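Asker:
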């Protein structure tokens with residue numbers, strides 16, 4: 001990619017937008033380093049993967065990548081001999097492995113997303129590492145008792161020693177012999193040793209060792225001599241615990257070190273999946289599509305919109321929608337000259353084309369009509385604006401010449417060259433001649449060129465040379481602004497006099513200017529204006545014809561679908577009737593055969609003969625009734641109401657009234673709409689309606705929910721996703737009758753913790769909440785008390 005072109009076309013802002021939509025640091029890095037893909041197959045693959053990601057995200061939500069951490073800095077620490085990871089670093093590795101497993105499940109729908117399924121198969125789970133970390137590291141980054149037998153035994157001994165110490169100290173606090181000695185009824189710690197707060201005036205009454213004193217000097221923190229041995233024993237146990245924890249961390253770090261290559265490979269794949277998810281989100285936000293990739297050099301971007309005019313830098317939607325524009329350059333044409341007033345419309349068209357070409361080259365969908373086609377130009381060159389001349393302290397003209405020289409040296413037969421205001425900045429005659437010479441050179445190189453100009457010489461060049469086309473930017477004379485629509489086949493007028501006159505420029509000055517212009521020039525301008533006017537009328541008529549054609553096609557397709565449905569229904573009814581008729585005939589034949597056998601065995605009495613004759617006649621009448629046409633249809637309803645059920649005799653089915661317009665009724669049948677007149681309907685239980693109110697409680701009671709765990713982990717997730725999960729978690733917890741739950745949000749910069757607390761403060765289901773105890777995680781965990789449902 002030509003970096004100067006990327007800067008001119010603001011491709012960096014597209015990178016930043018995508019980076020802001022990722023959820024992992026490696027994914028954001030991948031977005032910010034986005035570059036053209038190597039060849040047509042790679043671009044088609046990336047576009048197809050994005051389309052699959054859009055389908056998956058609509059069906060399953062966004063991929064579960066929120067817990068993925070950047071493991072590269074942690075793994076680099078293991079390069080040092082003897083180094084080991086801290087518990088929170090090992091927890092980050094565990095979270096990444098969990099995300100890997102979740103992503104493998106998420107992308108397991110091979111039929112829905114075969115390319116992403118194949119890509120996700122590269123995610124590998126290290127044998128045993130995930131289980132080892134899960135049994136050793138807790139959700140708050142603490143080392144679990146089960147990490148080793150020795151650690152579990154040490155911690156049991158530590159708990160016992162602490163309990164014994166606290167009992168001894170508690171007895172001293174309650175002993176009447178020490179009444180008035182202690183500043184308060186409190187057991188605290190200093191230097192890891194248990195002490196009691198003794199009033200300075202009574203320090204002689206408690207034998208022991210002073211470890212500290214209060215700021216006021218009125219309280220001494222004393223370790224009683226009677227607890228010295230127990231405190232020493234506890235300290236020995238704590239040191240052994242620390243050594244055992246360090247041994248466990250080294251063992252786990254060694255296991256991580258062995259799987260470093262696999263973890264890094266997984267991270268690269270997860271970053272790519274994160275990027276694809278961000279591109280899918282961008283695509284959905286901007287209505288972007290994958291255009292058809294042409295094998296020949298052509299451009300047919302219909303209803304194209306500049307993506308940066310659809311979204312702001314922070315990723316939010318803009319208030320004013322971007323005006324769609326058709327950007328066309330056929331295979332038989334090598335250059336397009338866009339002209340018109342100097343009001344920005346030409347440059348917007350040029351930048352839109354260039355940016356969309358760069359985006360497709362990088363495998364990104366673009367906001368345009370799905371029937372658009374584009375060639376993968378390599379590379380794209382642009383000379384737009386005065387950035388070059390400002391940076392290098394050159395005049396505008398010199399800056400453009402320097403840029404043009406570079407483009408002429410590097411452009412080839414696969415290049416797209418975008419030139420803004422070609423030939424300006426100097427004498428119009430010399431500038432026009434130079435512009436035409438540049439176009440000649442680029443055409444000889446086989447490059448496709450799109451240039452803007454207001455020079456008549458360059459406009460005439462497009463008229464006189466085969467393979468060079470003109471296009472005019474439409475101009476609204478009322479608002480004095482471009483409409484950003486392009487009219488192909490005609491050059492655009494500058495409209496300088498029109499703009500000046502509308503802005504209140506003195507008439508005598510304008511009249512004098514028109515005299516200076518000369519008769520031929522004035523007539524030429526009038527011809528251009530007339531050509532543009534006729535072109536606009538012709539395009540308007542063509543657009544109306546296209547709309548009518550599309551509407552007729554849609555009506556034909558709709559009528560055909562309806563007739564096909566009617567025919568299927570009719571055939572089903574006929575088949576059912578035929579089966580019923582065959583059954584009736586079969587039973588009748590069997591009965592007749594039985595009667596004939598009876599007749600053969602009869603003695604010939606008249607009564608018996610009459611009975612057989614009557615029964616045969618009855619059988620024939622039954623068959624005739626079965627073969628008779630259906631009973632006449634019921635009365636057509638005089639009026640119907642929205643939501644009412646009616647019968648459609650032609651289909652033999654009931655439908656719901658969706659809309660009423662006089663004698664015409666729009667019906668909803670099996671999720672599809674159809675229009676019929678009242679005369680074609682039958683009243684069907686007019687007092688009943690399709691929509692009935694159902695008790696919410698009744699529905700809710702039938703919902704099968706999984707058992708809710710009393711702990712929710714949100715560490716590493718984005719705020720919007722975390723709050724959505726929190727809301728569902730609180731609802732489920734209340735429904736299952738839980739009274740207290742924990743929300744693990746971590747510390748970090750405090751953003752997620754603050755968002756969680758703000759939500760809990762407004763939830764009616766929450767009675768109260770507070771920080772967890774230090775042993776449970778402190779301010780990294782919020783304990784939530786729920787109201788009774």
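Residue numbers (the UniProt record's numbering): 1 to 789. For every residue, glycine included, the Cβ atom is placed at its ideal position computed from N, Cα and C. These figures come from a predicted structure and were not determined experimentally.
1. Report yes if the C-beta distance between residue 678 and residue 657 is below 8 Å; otherwise report no.
2. Return the residue from the list 485, 667, 332 that minimises the CA-CA distance to residue 476.
3. Tell me where the alpha helix (DSSP H) around residue 422 begins and ends.
4. Please report the distance separating the alpha-carbon of residue 23 from that of residue 139.
5. Around the C-beta of residue 762, are 16 or more other C-beta atoms found within 10 angstroms, so that it is buried, or is it exposed?
6. Cutting at 7 Å between CB atoms, please list the residues of its own chain near residue 807, excluding the five before and the five after it.
7. So which of 98, 277, 91, 107 has the shortest CA-CA distance to residue 19?
8. Using the three-state DSSP reduction, which class does residue 561 fall into: helix, strand or coil?
9. Beta strand (DSSP E) containing residue 784: first to last residue?
10. Relative to the C-alpha of residue 106, which residue among 543, 61, 129, 736 is closest?
11. Give a yes or no on contact between the segment 330–347 and the segment 441–455, applying the rule of three or more CB pairs nearer than 8 Å.
12. Excluding five sequence neighbours on each side, which residues of the same chain lie with their C-beta closer than 7 Å to the C-beta of residue 98?
13. Please state the DSSP three-state secondary structure of residue 482.
14. Can you give me the C-alpha to C-alpha distance between residue 4 and residue 735, rounded to a whole angstrom?
15. How big is the Cα-Cα spacing for residue 30 and residue 781?
16. So, is residue 377 buried or exposed, given that buried needs 16 or more other C-beta atoms within 10 angstroms?
17. Under the assumption that residue 455 contacts residue 431 (Cβ atoms under 8 Å), give the Cβ distance between them as a whole number of angstroms.
18. Taking contact to mean at least 3 C-beta pairs separated by less than 8 Å, is the segment 82–101 in contact with the segment 296–304?
19. Please go through the same chain and pick out, in chain order, the residues whose beta-carbon is closer than 8 Å to the beta-carbon of residue 165, but skip the five residues on each side of it.
20. Would you kindly check if the distance between the Cβ of residue 331 and the Cβ of residue 296 is under 8 Å?
21. Could you tell me how far apart the beta carbons of residue 356 and residue 382 are, in whole angstroms, since I believe they sit closer than 8 Å?
22. Excluding sequence positions up to five away, which residues of its chain have a Cβ less than 8 Å from the Cβ of residue 659?
23. To test your reading of the DSSP string, which unbroken alpha helix (DSSP H) runs of 4 or more residues are found completely within the UniProt domain "Smr" (716–787)?
24. Distance cutoff 8 Å, beta carbons only. Does residue 675 sit that close to anything in chain C?
25. Which of helix, strand or coil does DSSP assign to residue 368?
26. Going straight from the alpha carbon of residue 255 to that of residue 129, what length do you get?
27. So what does residue 487 bridge to, in DSSP terms?
28. First and last residue of the beta strand (DSSP E) that includes residue 661?
29. Return the residue from the list 488, 675, 716 that minimises the CA-CA distance to residue 325.
30. Rounded to the nearest angstrom, what separates residue 545 and residue 554 at their Cα positions?
31. Rounded to whole angstroms, what is the Cα-Cα separation between residue 408 and residue 444?
32. To the nearest angstrom, how far is the alpha carbon of residue 778 from that of residue 70?
33. Compare the C-alpha of residue 406 against each of 766, 668, 380 and name the closest.
34. Which value, in whole angstroms, describes the spacing of the CA atoms of residue 506 and residue 38?
35. Is the beta carbon of residue 676 less than 8 Å from the beta carbon of residue 653?
36. Tell me where the beta strand (DSSP E) around residue 267 begins and ends.
Answerer: Reading from the atomic positions:
1. no
2. 485
3. Careful: residue 422 lies outside any alpha helix (DSSP H) and carries neither H nor E.
4. 20 Å
5. exposed
6. No answer is possible for residue 807: it lies beyond the span of the chain, which begins at 1 and ends at 789.
7. 277
8. helix
9. 781–786
10. 61
11. yes
12. 67
13. strand
14. 59 Å
15. 33 Å
16. buried
17. 7 Å
18. no
19. 194, 227, 230, 231, 234
20. yes
21. Their Cβ separation, rounded to whole angstroms, is 13 Å, which puts residue 356 and residue 382 out of contact at 8 Å.
22. 642, 665, 666
23. 719–735, 751–762
24. Among the protein chains of the structure shown there is no chain C, as only one such chain exists.
25. coil
26. 7 Å
27. 472
28. 653–661
29. 488
30. 14 Å
31. 11 Å
32. 25 Å
33. 380
34. 59 Å
35. no
36. First-last for residue 267: 260–286, but that is the alpha helix (DSSP H), not the beta strand (DSSP E).
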